[in-house]
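If you number the sequence shown the way my numbering does, the last residue is 298 and the count never jumps.
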Amino acid sequence: QGVAMVLHRFAHGFSASEIAEEYHVDAPTVGRYTLMIASALADANKLYGNYMAIPTGDRMHKIISQFEQLTNIPNMCGAIDGTHIRLYFKPEKCYMPSAYWSPFKFYSILLQAACDANKLFWNVCCMAPGGTHDAVHFMTSHLYQKIRDGLSLQEPLIRVEGKEVKPFMLGDSAYPIRPFLLKPFDAEDALRSAFDEQLRKGLSCIDDAFAILKARWRILKCMNVHLMHAPQITVACCVLHNICQMWGEPDPPEEQIVEANHGRLPSAPLESDDESEKRAGEMVRDALFRDWVKRGLE
Numbered sequence: 001q002g003v004a005m006v007l008h009r010f011a012h013g014f015s016a017s018e019i020a021e022e023y024h025v026d027a028p029t030v031g032r033y034t035l036m037i038a039s040a041l042a043d044a045n046k047l048y049g050n051y052m053a054i055p056t057g058d059r060m061h062k063i064i065s066q067f068e069q070l071t072n073i074p075n076m077c078g079a080i081d082g083t084h085i086r087l088y089f090k091p092e093k094c095y096m097p098s099a100y101w102s103p104f105k106f107y108s109i110l111l112q113a114a115c116d117a118n119k120l121f122w123n124v125c126c127m128a129p130g131g132t133h134d135a136v137h138f139m140t141s142h143l144y145q146k147i148r149d150g151l152s153l154q155e156p157l158i159r160v161e162g163k164e165v166k167p168f169m170l171g172d173s174a175y176p177i178r179p180f181l182l183k184p185f186d187a188e189d190a191l192r193s194a195f196d197e198q199l200r201k202g203l204s205c206i207d208d209a210f211a212i213l214k215a216r217w218r219i220l221k222c223m224n225v226h227l228m229h230a231p232q233i234t235v236a237c238c239v240l241h242n243i244c245q246m247w248g249e250p251d252p253p254e255e256q257i258v259e260a261n262h263g264r265l266p267s268a269p270l271e272s273d274d275e276s277e278k279r280a281g282e283m284v285r286d287a288l289f290r291d292w293v294k295r296g297l298e
């Protein structure tokens, strides 16, 4: 019954008191079960570790192949972006509420995630307040540190137009370009615009994943728990999302997905603090662009 209560709450976004009334228990009991189930789902040593991991080996090759079929661009392994999780309660003064005031004019926390072409999350992070720029969040994230330390996204290594290219993620214009994190040119000439369209086919996967996530687990549309518990519950819903995707659960109705995907406000690009990394990323993107043009002419 405890699992059923919590899944019901996550799926419909009901408050603890509403769930308590339906299941004939008291609200504190619902609260305890909510935190217990969320903890089991979000724990790296429990369900999170079983259903979410940075890709390597055969799984990495499969993801790259799927993105290449979608975009006609080699060695892409993920799409990354952030989305705001709206808070029902205004954060207490000790949490500095202004830090949680999002560009959408509501209090929120930021969920940042990377996903594959099947809209499966392979990394999520939910620690930053909603007033934090998503790109800034990435630059301080655990995933970023693992990539910079050479522990992730190292293989397979391919050569494109004489340039070594490791697996890379795709981000939007707000992210700083890096060899492992590319973004569209946002150029006006026809060829680069066409290349950007191919990149955006890959980038659309993360937008779709967020929309399905919020439509399926409606507690994320207005998180009615204390701020200290909101990140863990958000991550728990991401794990549940992956379980549903892996088991072939049908997507929510289209109208619910459209409602959940309310769009993103344009973000100012993060100024690069490492010109050598920026230039290296631009060289990788240029090599992939030249290769894409050449293959199109063959």
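A virtual CB, placed ideally from N, CA and C, is assigned to each residue, including glycine.
Sequence-distant residues of its chain with Cβ nearer than 8 Å to residue i (five each side left out)
| i | result |
| --- | --- |
| ARG279 | none |
| GLU298 | none |
| GLU255 | none |
Limits of the unbroken beta strand (DSSP E) element including residue i
| i | result |
| --- | --- |
| GLY31 | First-last for GLY31: 27-42, but that is the alpha helix (DSSP H), not the beta strand (DSSP E). |
| LEU79 | The question names Leu, but residue 79 is Ala in the sequence shown. 76-86 is the span of the beta strand (DSSP E), which, as asked, contains ALA79. |
Identity of the residues DSSP links to residue i by a beta bridge
| i | result |
| --- | --- |
| ASN123 | ALA114 |
| GLU164 | ARG159 |
| MET223 | LEU87 |
| SER108 | ARG86 |
| ALA128 | LEU110 |
| MET169 | GLY78, LEU181 |
| TRP101 | TYR107 |
Contact belief for residue i with residue j at Cβ below 8 Å, rounded distance in angstroms
| i | j | result |
| --- | --- | --- |
| VAL239 | LEU47 | 6 Å |
| GLN245 | ASN118 | 6 Å |
| GLN112 | HIS137 | 5 Å |
| THR34 | LEU199 | Not confirmed; about 39 Å, so no contact. |
| ASN224 | GLY13 | 7 Å |
| GLY281 | ILE177 | 4 Å |
| GLY78 | ASP116 | 6 Å |
Distance cut-off 7 Å: residue i Cβ against heavy atoms of the ligand GTP
| i | result |
| --- | --- |
| LYS166 | Absence of the ligand GTP from the depicted structure is noted, as is the absence of any ligand whatsoever, leaving it without description. |
Check whether residue i and residue j have beta carbons under 8 Å apart
| i | j | result |
| --- | --- | --- |
| TYR300 | LEU87 | In the structure as shown, the chain begins at 1 and stops at 298. Residue 300 is therefore absent and cannot be evaluated. |
| PHE168 | LEU157 | no |
| PRO253 | ARG216 | no |
| GLY171 | ILE63 | no |
| VAL30 | ALA38 | no |
| ALA11 | ALA27 | no |
| LEU191 | VAL293 | yes |
| SER173 | GLY131 | no |
| ALA114 | ASN123 | yes |
| HIS142 | CYS125 | yes |
| TYR100 | PRO129 | yes |
| ILE109 | PRO250 | no |
| PHE185 | ASP196 | yes |
| ALA211 | ILE257 | yes |
| MET76 | GLU68 | yes |
| ALA40 | VAL165 | no |
Close-in-space but distant-in-sequence residues of the same chain around residue i (CB under 6 Å, 5 per side omitted)
| i | result |
| --- | --- |
| HIS241 | LEU213 |
| ARG290 | GLU161 |
| GLY263 | Residue placement at GLY263 cannot be trusted, given a pLDDT of 46 that sits under 50; the coordinates are not used to answer. |
| SER152 | ILE54, LYS146 |
| ARG285 | LEU182 |
| ASP208 | LYS119 |
| ILE219 | PHE10, GLY13 |
| VAL25 | none |
Start and end residues, alpha helix (DSSP H) containing residue i
| i | result |
| --- | --- |
| ASN45 | Here ASN45 belongs to no alpha helix (DSSP H), and DSSP marks it neither H nor E. |
| GLN66 | 57-71 |
| THR234 | 230-246 |
| ASP134 | 134-139 |
| TYR144 | 142-148 |
| TYR23 | 16-23 |
| SER193 | 190-216 |
| ALA287 | 275-297 |
| ALA53 | Segment: none, ALA53 is in no alpha helix (DSSP H) and carries neither H nor E. |
| ALA11 | 2-12 |
Contact set for residue i: own chain, Cβ-Cβ below 7 Å, skip 5 residues either direction
| i | result |
| --- | --- |
| SER193 | ALA187 |
| TYR95 | LEU227 |
| MET283 | LYS163 |
| MET5 | ILE19, TYR23, VAL30, TYR33 |
| CYS222 | GLY13, ARG86, TYR88 |
| SER102 | HIS84, SER108, GLY130, GLY131 |
| PRO91 | PRO97, TYR100, TYR107, LEU227 |
| GLY82 | LEU110, LEU111, GLN112, ASP134, HIS137 |
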